[in-house]
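Taking it in order: structure first as structure tokens, then the write-up.
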Amino acid sequence: MTARRTTAPGTTAPGTTAPETWVISGARPSGGEPAAMVISGGSIIEIGPGADAAGASRLDADGLILLPGLVDLHAHLREPGREDAETIESGTAAAALGGFTAVHAMANTDPVADTAGVVEQIWRLGRQAGRCDVQPVGAVTVGLAGSRLAELGAMADSAARVRVFSDDGRCVSDAVLMRRALEYVKAFGGVIAQHAQEPRLTDGAQVNEGAVSGRLGLTGWPAVAEEAIVARDCLLAAHVGSALHVCHVSTAGSVEIIRWAKSKGWQVTAEVTPHHLLLTDELAESYDPAYKVNPPLRTADDVAALRAGLADGTIDCVATDHAPHPLEDKETEWAVAAFGMTGLETALRVVHEAMVETGLLDWAGLADRMSARPAAIGRLAGHGSALPGAPANLVLYDPSPRELVDPSGHASKSRNTPFAGMELPGRVVATFLRGSPTVLDGKLAR
Ligand SMILES: [Zn+2]
5 MTARRTTAPG TTAPGTTAPE TWVISGARPS GGEPAAMVIS GGSIIEIGPG
55 ADAAGASRLD ADGLILLPGL VDLHAHLREP GREDAETIES GTAAAALGGF
105 TAVHAMANTD PVADTAGVVE QIWRLGRQAG RCDVQPVGAV TVGLAGSRLA
155 ELGAMADSAA RVRVFSDDGR CVSDAVLMRR ALEYVKAFGG VIAQHAQEPR
205 LTDGAQVNEG AVSGRLGLTG WPAVAEEAIV ARDCLLAAHV GSALHVCHVS
255 TAGSVEIIRW AKSKGWQVTA EVTPHHLLLT DELAESYDPA YKVNPPLRTA
305 DDVAALRAGL ADGTIDCVAT DHAPHPLEDK ETEWAVAAFG MTGLETALRV
355 VHEAMVETGL LDWAGLADRM SARPAAIGRL AGHGSALPGA PANLVLYDPS
405 PRELVDPSGH ASKSRNTPFA GMELPGRVVA TFLRGSPTVL DGKLAR
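In short: position in the sequence shown from 1, add 4, done, that's the numbering used here.
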């Protein structure tokens, strides 16, 4: 264990200039009445109809929605090891353009983020990039191999102050290891984020098991393979009295199990991806690997249950599962193509379409599910609120345009979005990280 502590997340990164004073006028905080906001010293100073400050930089935000900066609990930034797919530099640029001010970076890098050294390296690269906070997720098991626990305490005590641990990409399928991990993180208020996939039930699986897999002749990934692990882990979390977070919930049955676990008062939280809120497995009938993802796209009934679960709070938050892959790993035949989709640059627009346009969530609800709740689950200070006194982590969003998604303009190094060519609402106009713009007029500001 290291006793060393450097600058805590939430303070100005070394090398950045002192944040200036801004007056943002006319925006509607969480979709409410238009107001002006004064930002100074990196924090929100005042919000109100007449808020003003002499000598400030000014941003006319008439007609824009003002939300707290989005927080992603689940992104694959690929560095170290797969810098051809994404780097922390390009991934945080994509995040800022999508309205995010904090992103949790999953541990399945090369080397795996299973030691204090690797998580500190990732955390420092995020600070250097300076566009959004990068909070490393630590691996649960050494090398994601599922045989012995990684140095969870050393990662928690490191400069990166890791609180979320996950073998994502793989399931911690051994019940004894999962129990020990839950017991271990309880001591420092951590959480185990499980990729719920029973491995034997999904051996060789390519697509949701059902009518579509039957028609395509591809091996199915049955809903029960997710639900069996979700149920087991809810019971383990209750038994241990520790915190479980369920990654990328994809089935109606998982929503029911999580609803039941929450009704018991157990420490269970869950996320859903934008793509599982909008897309169904019928898209796989195109054989286009853009739609190949793990867990797979499910049925329209599952999508409806996921939307209802997010609306009623059974599912706490949206997480992107941003999973960039180079062209050669995706533009190939379905059976050998990589699983995964990019998501950081389209998440807000997709959730707008799936949840706000349908009347299931208002803007305050969206701010809760994409900022406040993920910040709380990630134990992340300084994010999730756009009230006076909070760090000025904000996004300004124009809800009015409807435009085609054009991945050629994305900052991500990868282009594997399933939304390419789809018409979606909205546009991120500006993002502020601790009072400094990272995006202005829809373009990177630095
Ligand atoms: Zn996963």
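Using N, Cα and C, we set each Cβ at its ideal position, and we do this for glycine too.
Other residues of its chain near residue 306: CB distance less than 7 Å, five sequence neighbours each side excluded: Counting from one through the sequence shown, the residue named residue 306 turns up at place 302. If we look at residue 306 and ignore the five residues flanking it on each side, its Cβ neighbours are 254, 255 and 256.
Tell me, please, which residues DSSP counts as bridged to residue 440. Locating residue 440 in the sequence shown gives position 436, where the first residue counts as 1. Beta-bridge partners assigned by DSSP to residue 440: 437.
Buried or exposed: residue 108, going by 16 or more other Cβ atoms within 10 Å of its Cβ? On the sequence shown, residue 108 is found 104 positions in, with the first residue counted as 1. The residue in question, residue 108, is buried, as its Cβ has 16 or more Cβ neighbours within 10 Å.
Please find out if some non-hydrogen atom of ligand 1 comes closer than 7 Å to the beta-carbon of residue 251. Along the sequence shown, one-based indexing puts residue 251 at 247. Residue 251: yes, Cβ under 7 Å from ligand 1.
Let me check you understand the geometry: is the CB of residue 397 closer than 7 Å to at least one non-hydrogen atom of ligand 1? Taking the sequence shown and counting its residues from 1, the one referred to as residue 397 is at position 393. No, since every heavy atom of ligand 1 falls outside the 7 Å radius drawn around the Cβ of residue 397.
Would you kindly check if the distance between the Cβ of residue 176 and the Cβ of residue 205 is under 8 Å? Position 201 of the sequence shown, counted from the start, is the residue given in the question as residue 205. Position 172 of the sequence shown, counted from the start, is the residue given in the question as residue 176. For the pair residue 205 and residue 176, the CB atoms are not nearer than the 8 Å cut-off.
Report yes or no: do three or more beta-carbon pairs, one from the stretch 427 to 436 and one from the stretch 402 to 417, lie closer than 8 Å? Flag = yes, the stretch 427 to 436 and the stretch 402 to 417 touch.
How would you call residue 250, buried or exposed, if buried means at least 16 neighbouring beta carbons within 10 angstroms? Locating residue 250 in the sequence shown gives position 246, counting from the first residue. Taking a 10 Å sphere around the C-beta of residue 250, we find 16 or more other C-beta atoms and assign the residue as buried.
Comparing the CB of residue 420 with every heavy atom of ligand 1, is any distance shorter than 7 Å? Position 416 of the sequence shown, counted from the first residue, corresponds to residue 420. Flag unset: Cβ of residue 420 not near ligand 1.
Is DSSP giving residue 138 helix, strand or coil here? Indexing the sequence shown from 1 puts residue 138 at position 134. In the structure shown, residue 138 sits in a strand (DSSP, three-state: E or B).
What are the uninterrupted segments assigned as beta strand (DSSP E) that are 3 or more residues long and contained completely in the stretch 353 to 410, given in chain order? Within the stretch 353 to 410, the complete beta strand (DSSP E) runs of at least 3 residues fall at 398 to 408.
Straight-line CA distance for residue 252 to residue 344? Mapped onto the sequence shown, residue 252 falls at position 248. Mapped onto the sequence shown, residue 344 falls at position 340. So the alpha carbons of these two residues sit roughly 12 Å apart.
Length of the line joining the Cα atoms of residue 110 and residue 211: Along the sequence shown, one-based indexing puts residue 110 at 106. Along the sequence shown, one-based indexing puts residue 211 at 207. Cα to Cα, residue 110 sits roughly 23 Å from residue 211.
Assign residue 278 to buried or exposed, taking buried as 16 or more other Cβ atoms, counted over all protein chains shown, within 10 Å of its Cβ. Start at 1 with the first residue of the sequence shown, and residue 278 comes out as number 274. Classification for residue 278: buried.
Does the beta-carbon distance from residue 334 to residue 341 come in below 8 Å? Residue 334 sits at position 330 when you count from the first residue of the sequence shown. Residue 341 sits at position 337 when you count from the first residue of the sequence shown. The Cβ atoms of residue 334 and residue 341 sit closer than 8 Å to each other.
What number of angstroms, rounded off, separates the C-alpha of residue 386 from the C-alpha of residue 226? Translated into the one-based positions of the sequence shown, residue 386 becomes position 382. Translated into the one-based positions of the sequence shown, residue 226 becomes position 222. Distance between the alpha carbons of residue 386 and residue 226 is about 39 Å.
Where residue 17 and residue 286 are concerned, what is the direct C-alpha to C-alpha distance, given to the nearest angstrom? The residue given as residue 17 occupies position 13 in the sequence shown. The residue given as residue 286 occupies position 282 in the sequence shown. For residue 17, the predicted model reports a pLDDT of 46, less than 50, meaning its position is unreliable and no value from the coordinates is stated.
Where residue 238 falls: helix, strand or coil (DSSP): One-based indexing of the sequence shown puts residue 238 at position 234. If DSSP states are grouped into helix, strand and coil, residue 238 belongs with the helices.
Nearer than 7 Å: is that true of the beta carbon of residue 212 relative to any heavy atom of ligand 1? Residue mapping note: residue 212 aligns to position 208 of the sequence shown, counting from 1. No; taking the cut-off as 7 Å, the Cβ of residue 212 has no heavy atom of ligand 1 nearer than that.
Roughly how many angstroms separate the alpha carbons of residue 314 and residue 276, rounded to a whole number? Within the sequence shown, numbered from 1, the residue matching residue 314 stands at position 310. Within the sequence shown, numbered from 1, the residue matching residue 276 stands at position 272. Cα to Cα, residue 314 sits roughly 8 Å from residue 276.
Excluding the five sequence neighbours on either side, which residues of its own chain have a C-beta within less than 8 Å of the C-beta of residue 12, listed in chain order? Locating residue 12 in the sequence shown gives position 8, where the first residue counts as 1. Model confidence at residue 12 stands at a pLDDT of 36, short of 50, so the residue's coordinates are unreliable; what they give is reported in the following sentence. Cβ within range, chain order: 165 and 385.
Are the beta-carbon atoms of residue 130 and residue 169 separated by less than 8 Å? Against the sequence shown, residue 130 aligns to sequence position 126. Against the sequence shown, residue 169 aligns to sequence position 165. For residue 130 and residue 169, no; Cβs fall outside 8 Å.
Between the stretch 371 to 384 and the stretch 113 to 129, do three or more beta carbon pairs fall short of 8 Å? With a cut-off of 8 Å, the stretch 113 to 129 and the stretch 371 to 384 do not count as touching, because too few Cβ pairs lie within range.
Going by the C-beta, is residue 325 closer than 7 Å to any heavy atom of ligand 1? Residue 325 sits at position 321 when you count from the first residue of the sequence shown. Annotation for residue 325 indicates a beta carbon within 7 Å of some heavy atom of ligand 1.
Nearest CA to the CA of residue 201: which residue from 320, 224 and 33? Here residue 201 is taken as the residue at index 197 of the sequence shown, counted from 1. The shortest C-alpha to C-alpha distance from residue 201 to any of 320, 224 and 33 is the one to 224.
May I ask which residues mark the beginning and end of the beta strand (DSSP E) holding residue 273? For the purposes of this step, residue 273 is taken as the residue at position 269 of the sequence shown. Per DSSP, residue 273 belongs to the beta strand (DSSP E) from 272 to 276.
Could you name the residues that DSSP lists as bridge partners for residue 170? Stepping through the sequence shown from its first residue, residue 170 is reached at position 166. Answer is none; residue 170 lacks a bridge partner.
For residue 26, the first and last residue of its enclosing alpha helix (DSSP H): For the purposes of this step, residue 26 is taken as the residue at position 22 of the sequence shown. Element bounds for residue 26: not the alpha helix (DSSP H) but the beta strand (DSSP E), 26 to 33.
For residue 82, the nearest candidate out of 173, 222, 269 and 208 (CA to CA): As a first step, residue 82 is located in the sequence shown; it is residue number 78 there, counting from the start. Nearest C-alpha to residue 82: 173.
Given this structure, state the Cα-to-Cα distance separating residue 322 from residue 291, to the nearest angstrom. Start at 1 with the first residue of the sequence shown, and residue 322 comes out as number 318. Start at 1 with the first residue of the sequence shown, and residue 291 comes out as number 287. Cα to Cα, the separation comes out at about 27 Å.
Should residue 362 go down as buried or exposed, given a rule of 16 or more other Cβ atoms within 10 Å for buried? Counting from 1 along the sequence shown, the entry for residue 362 is found at position 358. Exposed, since its Cβ has fewer than 16 Cβ neighbours within 10 Å.
Counting only runs of 4+ residues fully inside the stretch 45 to 87, write out the alpha helix (DSSP H) ranges in chain order. With a minimum length of 4 residues, no continuous alpha helix (DSSP H) run stays inside the stretch 45 to 87.
For residue 86, which of 112, 62 and 71 has the nearest alpha-carbon? Counted from its first residue, the sequence shown places residue 86 at position 82. When the alpha-carbon of residue 86 is set against those of 112, 62 and 71, the nearest one is in 112.
Let me know the secondary structure DSSP gives residue 147 once reduced to three states. Taking the first residue of the sequence shown as position 1, residue 147 is located at position 143. Look at residue 147 here: in three-state DSSP terms it is helix.
Can you tell me the Cβ-Cβ gap for residue 135 and residue 79, rounded? I've got them flagged as a contact below 8 Å. Taking the first residue of the sequence shown as 1, we reach residue 135 at position 131. Taking the first residue of the sequence shown as 1, we reach residue 79 at position 75. Their Cβ separation, rounded to whole angstroms, is 13 Å, which puts residue 135 and residue 79 out of contact at 8 Å.
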